[in-house]
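**Q**
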Amino acid sequence: MRASTRIIAGIVAAVLIAAAVAAFAIVWRPAIAGIDPPDPQSFDAALVKRGRDLAAIGNCSDCHTPRGAKNFAGGLPVPTPFGTIFSTNITPDPETGIGRWSEAAFRRAMRSGVNREGQHLYPTFPYDHFTNVSDEDDRALYAFLMTRQPVRAAPRENQLSFPFNQRLAIAGWKLLFLRHDTYRPDPRQSAEWNRGAYLVEGLAHCGACHTPRNALGAERVSARFAGGDVDDWHAYAINEQSRSPVPWTADALFTYLREGWHPDHGTARGPMAKVVSNLSSVPASDVRAIAVYTASVSGTPTSGRTGPSEDALARAKKASQTNPVGASIYTAACASCHEGGRPLPYGGVDLGLSTAISSPDPRNLANIVLSGIDAVEGERSPIMPGFAASMNDDQVSALLNYLRARFSDQSAWTDLKKTIAEARRTQTVFLQTSPAPRNAPADPQQREKP
Ligand code: HEC
Ligand code: HEC
Ligand code: HEC
1 MRASTRIIAG IVAAVLIAAA VAAFAIVWRP AIAGIDPPDP QSFDAALVKR GRDLAAIGNC
61 SDCHTPRGAK NFAGGLPVPT PFGTIFSTNI TPDPETGIGR WSEAAFRRAM RSGVNREGQH
121 LYPTFPYDHF TNVSDEDDRA LYAFLMTRQP VRAAPRENQL SFPFNQRLAI AGWKLLFLRH
181 DTYRPDPRQS AEWNRGAYLV EGLAHCGACH TPRNALGAER VSARFAGGDV DDWHAYAINE
241 QSRSPVPWTA DALFTYLREG WHPDHGTARG PMAKVVSNLS SVPASDVRAI AVYTASVSGT
301 PTSGRTGPSE DALARAKKAS QTNPVGASIY TAACASCHEG GRPLPYGGVD LGLSTAISSP
361 DPRNLANIVL SGIDAVEGER SPIMPGFAAS MNDDQVSALL NYLRARFSDQ SAWTDLKKTI
421 AEARRTQTVF LQTSPAPRNA PADPQQREKP
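Counted from 1, the sequence shown has number 391 at position 391 by the UniProt record's numbering; the numbering is strictly sequential.
So this is what it looks like as structure tokens:
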């Protein structure tokens, strides 16, 4: 071999070795030694209380507590385009939960998506947002979880196909998409705005639902808050592309996020009902901060959305002429509650205010009409009957087409039949009750105190 060839071969070998070392460094994470489960008494009560509020803001219970199951014991199936991932047991049980996790191991999971044994975790656990959480807040969350009731419940096996069932593949995903940022305050903005940004981008992971994802399941940075999908629901755009007929303001957001309802916007349902249920129990100042930041994200609306306009009458007339079936269903089944200012719990908003009707995706409207809105037990909360049993798909379709033509200035939906059939198949309960049912109460006075 000539000298120059040898040098090239040497360089190639060095590059390959460096690449292998780099790959290993990215993929391999050491196990963190197990500890004896800490004594719950050893945690400061104020820290635990703060951790409780932070856990509510992070919706930890929604994913780690299936309906009717023990708090934080895991086992909730989370559907993804790649298969089903089950949430894990995060009670302090030493065998099946995180009882033997040190605070450092917990922080690493929150920040880098790696479990105590050193395996990569699926980003269904929204650590791509939790990476923003401060050390202090992770400490409070840890204190809260370590003082819960330990529950013995072995994790369930994920149902994923190759190559998604390979945890090593997650390392590649992280390399592409995980940004290890802690939140850096913007000095040009107020303290409240910065608090809101820290929560929205981090612990509250609003973008996990409201930002569309790419083919590999990562949020599309260029389309932040432009509307995403979650559990057969569309999480509406909440940036400048919002289709809310009345633009969102910080005040409206505060009321909606805290009480689950706003007179100009209606109720929060499905996954969003759980989010507001959680937010109804945390310090108002945090919800206010979230509202202030979110209002700044939604910015100035693009289209001239200023509420129901004079065109509304003309639209109503035209829609009735072209779709008499839809019009008569609306008059018979919907108008009595949605027109004329009937009060809650039975009075619904003027449908001209509903994002469900102006949204590019008809799924939420189909869900609402088929399944209605359940009242929360023991609270005077909004009630709407479901129409799945009394209307067939053709009737629902005629009704939805009518609502779209009458109450929005958007073009007709395509594939409506398919959406309705799908919504019928997956009928969900809306104002789902989590262990502490505080969902979207109409009357905040009736809400149980946390
Ligand atoms: C959107 C659903 C979702 C939310 C919200 C969520 N988690 Fe999880 N979490 C999961 C899933 C799914 C896993 C399992 C991932 C895996 O197996 O790779 C997980 C795993 C974990 C783990 C690793 C446990 C182990 O044994 O490996 C910890 C710790 C954890 N979550 C804590 C939290 C905390 C704290 C919060 C709230 C701040 C939270 N999670 C919110 C879905 C969620
Ligand atoms: C688990 C998924 C999920 C998370 C997390 C989530 N949302 Fe939502 N959000 C939804 C869904 C789904 C809807 C539509 C609900 C409906 O049709 O009633 C929604 C609706 C909304 C709306 C109403 C928009 C409109 O025009 O009617 C606002 C505002 C909103 N979310 C803000 C937020 C903020 C702020 C956060 C973070 C604090 C957040 N969401 C977190 C799923 C989510
Ligand atoms: C018994 C009274 C009642 C009847 C009948 C009724 N609704 Fe409702 N509806 C409500 C209440 C209460 C709400 C929740 C409060 C709100 O969102 O304004 C609601 C909410 C809605 C929403 C969500 C509004 C939003 O974006 O928040 C839509 C869309 C809707 N109804 C459509 C219909 C349609 C279509 C019909 C007829 C097929 C109908 N409703 C019949 C009471 C009723």
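Heads up, the beta-carbon is just placed ideally off N, CA and C, and yes, glycines get one too.
Does Asn367 pass the burial test, meaning 16 or more other C-beta atoms within 10 Å, or should it be called exposed?
**A** Burial call: buried.
**Q** Assuming Leu141 and Leu279 form a contact by the criterion Cβ under 8 Å, report the distance between their Cβ atoms to the nearest whole angstrom.
**A** Incorrect: roughly 17 Å between the Cβ atoms, too far for contact.
**Q** So Trp193 packs on Ser298, CB below 8 Å; how close in whole Å?
**A** Not a contact, Cβ separation roughly 13 Å.
**Q** Name, in chain order, the residues that DSSP records as bridge partners for Phe86.
**A** DSSP output for Phe86 lists Pro77 as bridge partner(s).
**Q** Taking Cβ to Cβ, would you say Pro245 is nearer than 8 Å to Leu353?
**A** In contact: Pro245 and Leu353 (Cβ atoms closer than 8 Å).
**Q** Which residues does DSSP list as the beta-bridge partners of Glu339?
**A** According to DSSP, Glu339 bridges with nothing at all.
**Q** Helix or strand or just coil, what does DSSP make of Val12?
**A** Reduced to three states, the DSSP call for Val12 is helix.
**Q** Judging by CA-CA distance, which residue of Asp350, Ala327, Ala104 is the nearest neighbour of Ala340?
**A** At residue 340 the sequence reads Gly, which differs from the Ala that was named. With distances taken between Cα atoms, Gly340 lies closest to Asp350.
**Q** Hey, Phe43 and Met146 are a contact pair by Cβ (cut 8 Å); roughly how many whole angstroms apart?
**A** Their Cβ separation, rounded to whole angstroms, is 7 Å, which keeps Phe43 and Met146 in contact under 8 Å.
**Q** Return the chain-ordered list of same chain residues with a C-beta closer than 6 Å to the C-beta of Ile11, the five sequence neighbours on each side being excluded.
**A** If we look at Ile11 and ignore the five residues flanking it on each side, it has no Cβ neighbours.
**Q** Find out if the Cβ-Cβ distance for the pair Leu400, Pro360 is shorter than 8 Å.
**A** In this structure, Pro360 does not lie closer than 8 Å to Leu400 by Cβ.
**Q** Under 7 Å from any heavy atom of ligand 1, does the C-beta of Ile373 make it?
**A** Result no, Cβ not under 7 Å from ligand 1.
**Q** Rounded to the nearest angstrom, what separates Pro324 and Val396 at their Cα positions?
**A** The straight-line gap from Cα to Cα measures roughly 13 Å.
**Q** Leaving aside the five residues before and after Cys206 along the sequence, list all residues of the same chain whose C-beta is less than 6 Å from its C-beta, in chain order.
**A** Correct list, in chain order: Val200.
**Q** Hey, out of Ile7, Pro30, Ile420, Arg52, whose CA is closest to Val282's CA?
**A** Among Ile7, Pro30, Ile420, Arg52, the Cα nearest to that of Val282 is on Arg52.
**Q** Tell me the DSSP secondary structure of Asp186 in three-state form.
**A** Of the three classes helix, strand and coil, the one that applies to Asp186 here is coil, per DSSP.
**Q** Do Arg29 and Gly118 come within 8 Å of each other at the CB atom, strictly closer than that value?
**A** The answer is yes: Cβ separation under 8 Å.
**Q** Is there contact between the region 55-66 and the region 158-178, where contact requires at least three CB pairs shorter than 8 Å?
**A** They do not touch, by the three-pair rule.
**Q** Using CA coordinates, which residue listed in Glu422, Arg425, Cys337, Ile329 is at the minimum distance from Ala398?
**A** The residue with the shortest Cα to Cα distance from Ala398 is Ile329.
**Q** Hey, would you say Ala319 sits closer than 8 Å to Ala327, going by beta carbons?
**A** In contact: Ala319 and Ala327 (Cβ atoms closer than 8 Å).
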